[in-house]
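Undergrad: Protein chains in written order, with this note's numbering: chain A, 1 to 1020; chain B, 1 to 1020. Virtual Cβ for every residue (Gly too), placed ideally from N, Cα, C. Take a look at this one; I'll ask things after.
2 protein chains.
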Amino acid sequence: MRKTLGRLSGRLPVFIVTGRGLGDITRLIGLDNIGYAGSHGFEIEGPLGTFVDKDRGAEYLGALDAAERELRSAAEGIEGAIVERKRYGVSLHYRLVKPSEVPALERAFDRAACDHPGLRKTYGKMVLELRPDLEWGKGDAVLSIMGRLNAGGSNIVPLFIGDDLTDEDAFRALEGRGIGIVVSDHPRPTAASYMLSDVAEVQVLLERLIVAFDSEGAAGSWSLTYGYYEPDKEQLREALCTLGNGYMATRGSAPESTAGDEHYPGTYIAGIYNRLESEVRGRVIENESNVNLPNWSYLSFRPEGGEWLDLGKVSIERYRQELDMRNGVLVREVRFTDRQGRTTTLRDRRLVSMVTPNLAALELTITPENWSGKMTVRTAVDGNVGNTLVARYRELNNRHLDILGSGTDGQETVWLEVETNQSKVRVTEAARTRVFAPEGTFVRRSQLEESGLVGQDIEIGAAQGRPLRVEKVAAIRSSRDRAISDTLTASLDLLAHSGDFESLLQDHSHRWGVRWSRYGFEVDPGHLWISQILNLHIFHLLENTSLHSIDLDVGIAPRGLAGEAYRGLIMWDELFIFPFLNLHGPDLTRSLLLYRYRRLQMARWAAREQGYQGALFPWMSGSDGRERAQTVHLNPLSGRWIPDNTRLEQHVSLAIAYNVWQYYQVTGDLSFMSLYGTELLCEIARFWVSRCQYDEARGRYVILKIMGPDEFHEGYPGTEEAGVDNNAYTNVMVSWTLHRALEALRELPLQHHRDIRTELRLEDQELDRWKDIADRLYVPFHGDGIMSQFEGYDNLKELDLEKYRERYCTLHRMDRILEAEGDSIRNYRMSKQADALMLLYLFSEDELREHLGRMGYGWSPEAVRRTIEYYSKRTAHGSTLSRVVFAWVLSRYNREGSWNHFLDALRSDVSDIQCGTTHEGIHLGAMASTVDIVQRCYSGLETRGDALLFDPRLPTELKRLKFRIEYRRHLVEVEIDRERMHLFSRTGGVEPISIGYRGRMFVLEPGGELEVLLDREEIS
Amino acid sequence: MRKTLGRLSGRLPVFIVTGRGLGDITRLIGLDNIGYAGSHGFEIEGPLGTFVDKDRGAEYLGALDAAERELRSAAEGIEGAIVERKRYGVSLHYRLVKPSEVPALERAFDRAACDHPGLRKTYGKMVLELRPDLEWGKGDAVLSIMGRLNAGGSNIVPLFIGDDLTDEDAFRALEGRGIGIVVSDHPRPTAASYMLSDVAEVQVLLERLIVAFDSEGAAGSWSLTYGYYEPDKEQLREALCTLGNGYMATRGSAPESTAGDEHYPGTYIAGIYNRLESEVRGRVIENESNVNLPNWSYLSFRPEGGEWLDLGKVSIERYRQELDMRNGVLVREVRFTDRQGRTTTLRDRRLVSMVTPNLAALELTITPENWSGKMTVRTAVDGNVGNTLVARYRELNNRHLDILGSGTDGQETVWLEVETNQSKVRVTEAARTRVFAPEGTFVRRSQLEESGLVGQDIEIGAAQGRPLRVEKVAAIRSSRDRAISDTLTASLDLLAHSGDFESLLQDHSHRWGVRWSRYGFEVDPGHLWISQILNLHIFHLLENTSLHSIDLDVGIAPRGLAGEAYRGLIMWDELFIFPFLNLHGPDLTRSLLLYRYRRLQMARWAAREQGYQGALFPWMSGSDGRERAQTVHLNPLSGRWIPDNTRLEQHVSLAIAYNVWQYYQVTGDLSFMSLYGTELLCEIARFWVSRCQYDEARGRYVILKIMGPDEFHEGYPGTEEAGVDNNAYTNVMVSWTLHRALEALRELPLQHHRDIRTELRLEDQELDRWKDIADRLYVPFHGDGIMSQFEGYDNLKELDLEKYRERYCTLHRMDRILEAEGDSIRNYRMSKQADALMLLYLFSEDELREHLGRMGYGWSPEAVRRTIEYYSKRTAHGSTLSRVVFAWVLSRYNREGSWNHFLDALRSDVSDIQCGTTHEGIHLGAMASTVDIVQRCYSGLETRGDALLFDPRLPTELKRLKFRIEYRRHLVEVEIDRERMHLFSRTGGVEPISIGYRGRMFVLEPGGELEVLLDREEIS
């Protein structure tokens, strides 16, 4: 595990970084001893918060309010003057004010200062500020922290990085005592010792410092660390720190927490769904959800006479939470003092075993720092849970569980048995809690049995300075598990054979090591935080699918097992996830594709019910593959019921076809194609063939009343009717799918070919028709070769997004905003997410142009470019998936734009850029795609025509890329830099594989190596 | 479907065949208009039975009893005289009597005849017989049948085949009217028109007749047909006529039947187990069973005022039951007259869908032949079932189901929901019953709801001569199914989307066609009945595993889903089943091997609990892989509890290792080996390594206190201790397994190799130890190179089997017989089944001798031969698996002996040669092996060293062999006759495959052909 920065040197530097941007960086890098201050020094957050007496600040609030009013009225007549109110300060910005009018402003400011003698003036860059006249500037804060930390005899060298004029206060205070570093792109007078020119340099410095101080080198890229407690961010962190093993997952909630506004413990087993009906405003609606199971992780304590642990009610002196991604462990350390003055240090660690999918474990170490006496540890399995994480679903019924029973072995183990109330899946959670205390320690257990909850209160004699260790191991078994008899026996059996925390951890971390060696990759080491986020994204992928999920009947839910958004239903997001999985763990993809195959029958019924043939897969799929998308939804902004036409997103089946084909291309797995893949392709093809109509006038086939990926356009303006005509994405994909179905049939071994033709009753005539339609589907274009998202998109109005940007935190549900305002998004050329451009995400430009050519459409590179530009301006990125598509598509046209989209996509969950959706569950599609961009897009990797094709173009920001993929049983190590690409087949089957680079083909033998010098002109 | 013999010609010959042997043949051939008579003409069975007035015979019973007493007392003093009593006759056999004493016997006989004037004398070969003086000799019987059959104007030519002197009666009666055929190997005076020399010629004649009469040629090999109703054979037929689809199966019980002495409807879903405790004679024992589920197939009727259909209570005029294996359909046609004189014809057909695994269907056509009026059809789903098929388990608790509820849609559908009372598996069975009657027919339904049963009584107006058709379609869903929500919704959904019987049948038979094209094969057409039984055996294999079982978590139970013997637990029989499956449906084997992989954890625990390492798989395995073999069992002969040491048959894990390796050899599936196979091999290897001890004196490793396959030797004589030392089979297999584990590790792609070494913590040192043990395990020999079954086998006493043969129906449980007599089988050189010889079954002699050589043991071909002879004399064949092993092993040494064992194995289920075990479930291991003998043994097919090796030696009885196998993605058609072997790769992957024939190697390209002329000297 990673050492704390500086521990090895015996000296603990304190970093104080100003500005949100810098704060983010340090957090990502995983430093745990970072302070973080608001840009004006008042609202000092993080550990520094404990050094500021907020009560004293409160005395000044009246004066600040009055000063604010005065300054606003003064600023009113002056163009460009902006008054900004913070909690403990009022600022007057005059950057945009005509120089001639600045003196008047300054006078007004001085007047306000005089009126309120409790406030004092400070000056920043083109800003004047009034704040309480207290001695707690940044300098004071730094010195105060230093004194406190060095009190114990340590010898800390503080390090203060800042870019604001107010930071000079700290630089001055540190002269002779520490190191001040100013960030400025131009020379300026400063009390700092060093200067850096921008945020990027700060990052490099911090990373190098970590390397210097930390024997484990790049450990920083393996941790997600939080150095302070922030109640309002807790749910977001819980989602990001979810631990899982492909079978189940538990959110990273504090063990002592229960579901509420701040915390939300959630435990989910993949694929356990339950259906509930709810009456909402006069309508009965039905929802199926991945069920939140009893909380196995509850573990808390209280000293005798004290309160149960609640970080909101104690004074926190030290806080550190680290998600150790390399080992799959979540660690928290807190030192706090309660109201009675008892100081205690807590350390808890947890894992959800990657070795034994039904096991999770928790270790809690309690050290009474300045007290002795009895304490009580409470351990419980709590079945009083519902699916209540997502606020907008809370109106709906959310109690999915019946409690069947509970019990104890009379010693260390308790168990709770529940059953989902509709789907009748049983789950038993058995938990063993052990206390490790010196011999002779007083330990007494009493049973705790409340309705729906079972547990124990364990009284323990505690002694000052002596750590007490408590371990809780939980076995969780569902009636859908393989190789069990009843769930209770199976849980107790498993517990009986499970070792203690340390031995579980050892095996678990071992297994994580094996997985990382297969899935991890290296990028240019100058970008540690990028590596770190990419690792986090891979980490979540690996938590959501593993060898343990192979044996389940599950797909990958868009939000993973980290929350409850979209109710854990399976949608099209796998389209973004499988390409990465295919190249590392194709067995996983295979098993995930079977989730669809098993629901083929339901999809056939669905098609038949609508008068079509073949298979119509649902937009939202849960237990049995029935359509789970709603038919109406409530607009929370308007309170109106609106038809929900998302089930018209029948393109989900095209994503399935694409996934089948990609899997086959990467693996060459004919056995899969014989048993499942070809049948899926053919039945999907059949659906679309029956969905097509022949348009006599055009002499082409058309697909009417459909929805593409862009959910803003459920229909045409001025009509209630659902669907648009000839969505370009859909029509091209249908044509492609028909060709692949035919190709799959051709490639099957003769016997299997014959069998499947017999079983599906596929006559030559039908196949001829597929071919005909594939070649003659209509694709709409407008202007000068711009592919129309759908027929008539170019006739819509333009939307002025800026108009709305100020009023709404996010525009990603522009449709709801307009609906609430009586307008409709249907009227505008504005897409929620990439739609036509998806084609350039799924196919290389070469392949796509070739395919369109076969359909009779020439599409010049210039027209492609124009199309990209056209939609770049008209996409709201209301889906996290949109940014990755743009990052990908732009990578060959607009490197900067591409890179920015990539960075946005990278930050989207860690910084929750969608204004608060990540706490409901991370976005696995975007996560996987960011990794995939680095790997496939930047290397130009394609798998088609039985070859592995490359065309590397690294972005300026990356110098080197190294990863390992599995292709047709070869384990290929790929290393790419600006000049060359090096491939090494570590082993492989008997057959060599074909490698392509820009039309040149090479053969890679098993065990062979290949070095390709990249074309010069591409190096930039 | 097969036409009845002769229907096309308009003339219906009657076959009357005497002697059990001949009767069996005709039954197997599938002729439905065969009569079958006891060898003395008295006890005429089958349809002839209806021509004999048994009441008249009964008048003579007193006289027969008295005559019997007299003859017995007369015979007492005369050595070799045997009195045999049949129901309607007393025979006096004098074959063994000294000629000088025969006159005295004849006198005694004459006296008895005089005392009872109602009886008359008849003469046979060395036999004198008294029977009632009635005019119903065989001649009379034939004429009577003829008269009856020709009454309707048909013109039947009777054909009588017989070998006994009493048959002359019939030959004489037929002169000028029909055809008499005598079977005799020497000329004799006869009234017959033709002569055949033996049973084999009879068979050929019958088969040729079928071909001549039947337009579908060899259809006879696709049917198992019964031409008459035999209550005491009903349960046997039910087992043989079980219909299944790999997911579930239903025994071939008549729809109107319920569980009792005559019938036993049983429905089983693979892998649904439940555990019950029972108190038996003071002990509590625990048993896990594959649960008999509610009977979905109940469908009966009664005319108004009549009784519910019961074939035991009506006069049957015509009866025919046919298992149509080609289409997977069971058909029954009965014409009968009830006590009120109503004659009715019934026809029912049933299927268990091969397309939709959760569907079964039944069609019943009722034609009132001479009556009109109301009738009531009763349809039900009956949950009042237990596992009561096996008589010796009936003392045990057998009620596994709780009834959860039942209901109806108020129209055609009813449903019943149950849950296993320990393992808590839910099952819903929903059944829809439809009546197809002419418009205007009176139809009224009433609900039937009793405790545990739900159904409907449907009153229907019936009219003379007008067939009424009733269809019942059942949807059966378990909570362990994939892709469902709750079982009730899923069942009703499925029913709602299911077509009628005819459309289900069409799809179903289509799918069977596809399966047969892959699994079927052809043997020399002169042996129709062999083909027929082989088809039956393949049919049962295909019923027990299919694409539908791939997604389950199941193994193949020894007795299939056709009954309840061994409680449906999984044992080592897969060792005999997988070799055939591997070559036709390797995906099935792969999935079945996962049953073991999923229970690896339990096997690890089991090893650890006994102080060993690695994995110890259980002898009997059910739901969770815990050992389910009993620790004691009750000897029904002695009433004593005896320790059951079968759990010492730890060699089951060696079978698993063998199966893993064979699968890998056939498929080359490295993905399986990486994920599962190698781990299984290594953990099994580890167990045995920890099980070995080093014997200083010998300088070799030994394995003590173990049991081999032979269950007669659980220990040494004179001791209660369990286990013998150094079982040769075990020790050699352990050595082989260690080598394979090492080889698997070597063959894994480097990355996977590294991963598995890391995960299992396999250090070089441990692998070195494996190698050392593999090369230095001790193998016991005695005499002149005879491999000892175990150390000390040669010191045991010889057993005189003949002594017991007369007293017991079967000697296959010789252990129990001796125990009851105060002796012990441990004392004797007598094996229940092949043990050491198993090695020659699993390996070719070449491979085995090579392997032993590596272990330091030379074993000459002569010593091999001596070993085979040694055990041939000392094996009781108490297991059906034993005969196939001997058939295999002897095939290269003793063709006749081999062929006889093969024929016995073929007949073992169809003729139930184990004295009544088949009705409890068919013997899948023996079934698969018989097929495998024809395919692999006779072709000398081996898959090792990455090559497909052949060494054909057809038995004299077979002229040609043709089949199709899947080997490393090639579909290879193999045709072998006496002179050449022809291979054709119909398609295949990219890689050519290696073919070997006696050391010569060839390459078979994808799509290529290969013809090998077989060595001359081998043609005989």
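Is it buried or exposed for M1001(A), if we count other Cβ within 10 angstroms and need 16 for buried?
TA: Residue 1001(A) sits at position 1001 when you count from the first residue of the first sequence. M1001(A) should be labelled exposed.
Undergrad: Could you tell me whether the Cβ of V418(A) comes closer than 9 Å to any Cβ of chain B?
TA: Taking the first sequence and counting its residues from 1, the one referred to as residue 418(A) is at position 418. For V418(A), the answer is no, since every Cβ of chain B falls outside 9 Å of its Cβ.
Undergrad: Going by DSSP, name the residue or residues bridged to E419(B).
TA: Mapped onto the second sequence, residue 419(B) falls at position 419. Looking at the DSSP assignment, E419(B) forms a beta bridge with D402(B), R426(B).
Undergrad: Could you give the distance in angstroms between the alpha-carbon of I34(A) and the alpha-carbon of G227(A)?
TA: The residue you call residue 34(A) lines up with position 34 of the first sequence. The residue you call residue 227(A) lines up with position 227 of the first sequence. Reliability of the predicted coordinates at I34(A) is poor, the pLDDT of 44 falling under 50, and the value obtained from them is presented with this limitation in mind. If you take the alpha carbons of I34(A) and G227(A), they lie about 7 Å apart.
Undergrad: Closer than 8 Å by beta-carbon distance: list the chain B residues that pair up with H510(A), in chain order.
TA: The sequence position of residue 510(A) within the first sequence is 510, counting from 1. Neighbours of H510(A) on chain B, chain order: T758, E759.
Undergrad: Can you list, in chain order, the residues of its chain with a C-beta nearer than 7 Å to that of V931(A)? Leave out the 5 residues immediately preceding and following it.
TA: Stepping through the first sequence from its first residue, residue 931(A) is reached at position 931. Result list for V931(A): L534, H537, I538, F580, in chain order.
Undergrad: Which of the three DSSP states, helix, strand or coil, is assigned to P579(A)?
TA: Here the question's residue 579(A) lines up with position 579 in the first sequence. Note: P579(A) maps to helix in three-state DSSP.
Undergrad: Is there a C-beta anywhere in chain A that falls below 9 Å from the one on H186(B)?
TA: Residue 186(B) sits at position 186 when you count from the first residue of the second sequence. No, because no Cβ of chain A sits closer than 9 Å to the Cβ of H186(B).
Undergrad: Would you report the Cα separation of A462(A) and A607(B), rounded to the nearest angstrom?
TA: By 1-based counting over the first sequence, the position of residue 462(A) is 462. By 1-based counting over the second sequence, the position of residue 607(B) is 607. Taking the straight line from one Cα to the other gives about 40 Å.
Undergrad: Report yes or no: is there a C-beta of chain B within less than 9 Å of the C-beta of H497(A)?
TA: Indexing the first sequence from 1 puts residue 497(A) at position 497. With 9 Å as the cut-off, H497(A) counts as an interface residue toward chain B.
Undergrad: Quick one: grab the DSSP three-state call for N274(A).
TA: As a first step, residue 274(A) is located in the first sequence; it is residue number 274 there, counting from the start. Residue state, collapsed to three classes: strand.
Undergrad: Chain A partners of K1021(B), CB-CB under 8 Å?
TA: Residue 1021(B) lies beyond the range of chain B shown here (1 to 1020); nothing can be said about it.
Undergrad: Do you know offhand how far R761(B)'s Cα is from L767(B)'s?
TA: Looking up residue 761(B) in the second sequence gives position 761. Looking up residue 767(B) in the second sequence gives position 767. Their backbone Cα atoms lie some 11 Å apart in a straight line.
Undergrad: Using DSSP's beta-bridge definition, name the partner residues of W1026(B).
TA: Chain B is shown only over 1 to 1020; residue 1026(B) falls outside these bounds and no answer can be derived.
Undergrad: Exposed or buried, what is H186(A) when buried is set at 16 or more other beta-carbons lying within 10 Å of its beta-carbon?
TA: Position 186 of the first sequence, counted from the start, is the residue given in the question as residue 186(A). Flag for H186(A) reads exposed.
Undergrad: Against chain B, which members of the stretch 586-606 of chain A pass a CB distance test of less than 7 Å?
TA: Cβ contacts with chain B come from D587, R598, R599, W605.
Undergrad: Tell me which residues of the stretch 551-574 of chain A have at least one Cβ-Cβ distance to chain D shorter than 8 Å, keeping chain order.
TA: Note that chain D does not occur in the displayed structure, where the protein chains are A and B.
Undergrad: Taking CB distances under 9 Å as the criterion, tell me whether V414(B) reaches chain A.
TA: Locating residue 414(B) in the second sequence gives position 414, counting from the first residue. By this cut-off, V414(B) is not an interface position.
Undergrad: Hey, A249(A) and V352(A) are a contact pair by Cβ (cut 8 Å); roughly how many whole angstroms apart?
TA: Position 249 of the first sequence, counting from 1, holds the residue named residue 249(A). Position 352 of the first sequence, counting from 1, holds the residue named residue 352(A). Indeed they touch by this definition, with Cβ atoms about 6 Å apart.
Undergrad: Once DSSP output is grouped into helix, strand and coil, what is the label at V183(A)?
TA: Sequence index remark: in the first sequence, residue 183(A) carries index 183 (1-based). In the structure shown, V183(A) sits in a strand (DSSP, three-state: E or B).
Undergrad: State the Cα-Cα distance for the pair A74(A) and R805(A), rounded to the nearest angstrom.
TA: Numbered from 1 along the first sequence, position 74 holds the residue referred to as residue 74(A). Numbered from 1 along the first sequence, position 805 holds the residue referred to as residue 805(A). Whole-angstrom Cα-Cα distance: 27 Å.
Undergrad: Closer than 7 Å, Cβ to any Cβ of chain A: which residues of the stretch 915-949 of chain B, in chain order?
TA: So the list is empty, because no residue satisfies the distance condition.
Undergrad: Which whole-angstrom value is the C-beta distance of R72(A) and V83(A), which I expect to be below 8 Å?
TA: As a first step, residue 72(A) must be located in the first sequence, where it is residue number 72. As a first step, residue 83(A) must be located in the first sequence, where it is residue number 83. The pair is a contact, with the Cβ atoms about 5 Å apart (cut-off 8 Å).
Undergrad: Measuring alpha carbon to alpha carbon, tell me which residue in S623(B), G455(B), R444(B) is nearest E417(B).
TA: Against the second sequence, residue 417(B) aligns to sequence position 417. When each option's Cα is compared against that of E417(B), the closest is G455(B).
Undergrad: Going along the stretch 342-374 of chain A in order, which residues come within less than 9 Å of chain B, judged by CB to CB distance?
TA: Listed in sequence order: V355, T356.
Undergrad: Could you confirm whether any beta carbon from chain A is found closer than 9 Å to the beta carbon of Q751(B)?
TA: Along the second sequence, read from residue 1 onward, the residue named residue 751(B) stands at position 751. Closer than 9 Å to some Cβ of chain A, the Cβ of Q751(B) qualifies, so yes.
Undergrad: Quick check on this structure: which residue in G1008(B), L924(B), L404(B), S898(B) has the alpha carbon closest to the alpha carbon of V910(B)?
TA: As a position in the second sequence, residue 910(B) is number 910, starting the count at 1. The candidate whose alpha carbon is nearest that of V910(B) is L924(B).
Undergrad: What is the rounded straight-line gap between the Cα of T428(B) and the Cα of I269(B)?
TA: On the second sequence, residue 428(B) is found 428 positions in, with the first residue counted as 1. On the second sequence, residue 269(B) is found 269 positions in, with the first residue counted as 1. For T428(B) and I269(B), the distance between alpha carbons rounds to 12 Å.
Undergrad: In whole angstroms, what is the alpha-carbon distance linking I756(A) and F617(A)?
TA: The residue given as residue 756(A) occupies position 756 in the first sequence. The residue given as residue 617(A) occupies position 617 in the first sequence. Taking the straight line from one Cα to the other gives about 20 Å.
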